[in-house]
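Undergrad: Using the numbering used here, you'd call the opening residue of the sequence shown number 11 and step up by one each time.
The beta-carbon is built from N, C-alpha and C at its ideal position, and this holds for glycine as well.
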Amino acid sequence: MNGKKAVMAVSGFALFGFVNVHMLGNLQVFLGREAFNRYAELLRAEPALLWAARIVLLTMVILHIWASWKLMVLNKLRARPVGYVMKRSIVSSYASRTMYWSGPIVGAFVIYHLMQFTWGVGGTSHDPKDPYGNVVHGFQVIPIAIAYVVAMGLLMLHLYHGAWSMFQTLGVNHPRYTPLLKRFAQVVSIGLFLGFSSIPASVMAGLIQ
Ligand code: HEM
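1) If you compare alpha carbons, which of Q150, L67, S106 is closest to S218?
2) Quick one: grab the DSSP three-state call for G42.
3) Using only alpha-carbon positions, find the residue among Y110, M70, L73 that is nearest to K85.
4) DSSP three-state label for H3, please.
5) Take every Cβ of the region 171 to 185, pair it with every Cβ of the region 136 to 145, and state whether three or more of those distances are shorter than 8 Å.
6) My understanding is that M214 touches F23, with C-beta atoms under 8 Å, so please give their C-beta distance in whole angstroms.
7) Using 8 Å as the threshold, is the region 68 to 83 in touch with the region 12 to 31, meaning 3 or more CB pairs across them?
8) Report the three-state DSSP secondary structure of S135 (helix, strand or coil).
9) Leaving out the 5 sequence neighbours to the left and right, which residues in its chain are closer than 8 Å to T188 when beta-carbon positions are compared?
10) Going by C-alpha distance, which of R193, F127, Y122 is nearest A157?
11) Compute the minimum distance between the beta carbon of T128 and the heavy atoms of the ligand HEM, and state whether it is under 6 Å.
12) Counting only the same chain and skipping the five closest in sequence on each side, list residues whose C-beta sits under 7 Å from that of V146.
Next comes the structure, spelled out in structure tokens:
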């Protein structure tokens, strides 16, 4: 197995796990200010644990970006040893081509997201003691709420194609289970999109205030 692809698959899987847990946690916004803020406080109750999780997460992000960079350079070298006149365009590379633009956009989204909700420098009001208020005020700015929904759409694409590439890397190829795994990747990606997007959408609709 290609080592860089394995790094890509393992780090991607870890990040996928984080995104699922983060979405489930965020859905508590529907339980009201108190429940959401209590949850956010709980996450910060053990600084050592929080920092350990942050370091693991950051390491996974760095590995994921490093492996994607290496694979992109490798692909370019393989695709054009002397420079083709026509760009290579085959169905199997569709997923990877999507990954190379959806990935950086999702990365840019995460940086803005941290600026907004963690560091409080995203241009929307920020009170470290009131994450619920930060989310509501953040999404009351309609262009920001819409940008989040678009970013979640790209994240959904990225995760769906990512899961599909991961199965290929791991050599999962079974007439019965491969279609089931693909269906699972599709359902989870759509579930994440709906779960995350429901928050900015509900703030825009005035359901969360
Ligand atoms: C509607 C969607 C989302 C909402 C409402 C949301 C909400 C939040 C909030 C409130 C925080 C700050 C928690 C605190 O410091 O108290 C946070 C942190 C964070 N979010 Fe999100 N999030 C969303 C989507 C995402 C997505 C899609 C990703 C990744 C692709 C993500 C990655 C992160 C990361 C990495 C942190 C920093 C965790 C830390 O180290 O403290 N978020 N999010």
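TA: In short, the structure shows the following:
1) Going by the sequence as given, residue 218 is Ile instead of Ser. Relative to the Cα of I218, the nearest Cα in the group Q150, L67, S106 belongs to Q150.
2) In the structure shown, G42 sits in coil (DSSP, three-state: anything other than H, G, I, E or B).
3) First, the residue type needs correcting, since residue 85 is Asn and not Lys in the sequence shown. The option with the nearest alpha carbon to N85 is Y110.
4) Because the chain in this structure spans residues 11 to 219, residue 3 falls outside the shown range and cannot be described.
5) No, the region 171 to 185 does not touch the region 136 to 145.
6) Incorrect: roughly 32 Å between the Cβ atoms, too far for contact.
7) These segments touch.
8) S135: coil per DSSP, three-state reduction.
9) So the qualifying residues of the chain are F177, V182.
10) When the alpha-carbon of A157 is set against those of R193, F127, Y122, the nearest one is in Y122.
11) Between the ligand HEM and T128, a heavy atom-to-CB distance of less than 6 Å is present.
12) Around V146: V213, I218, Q219.
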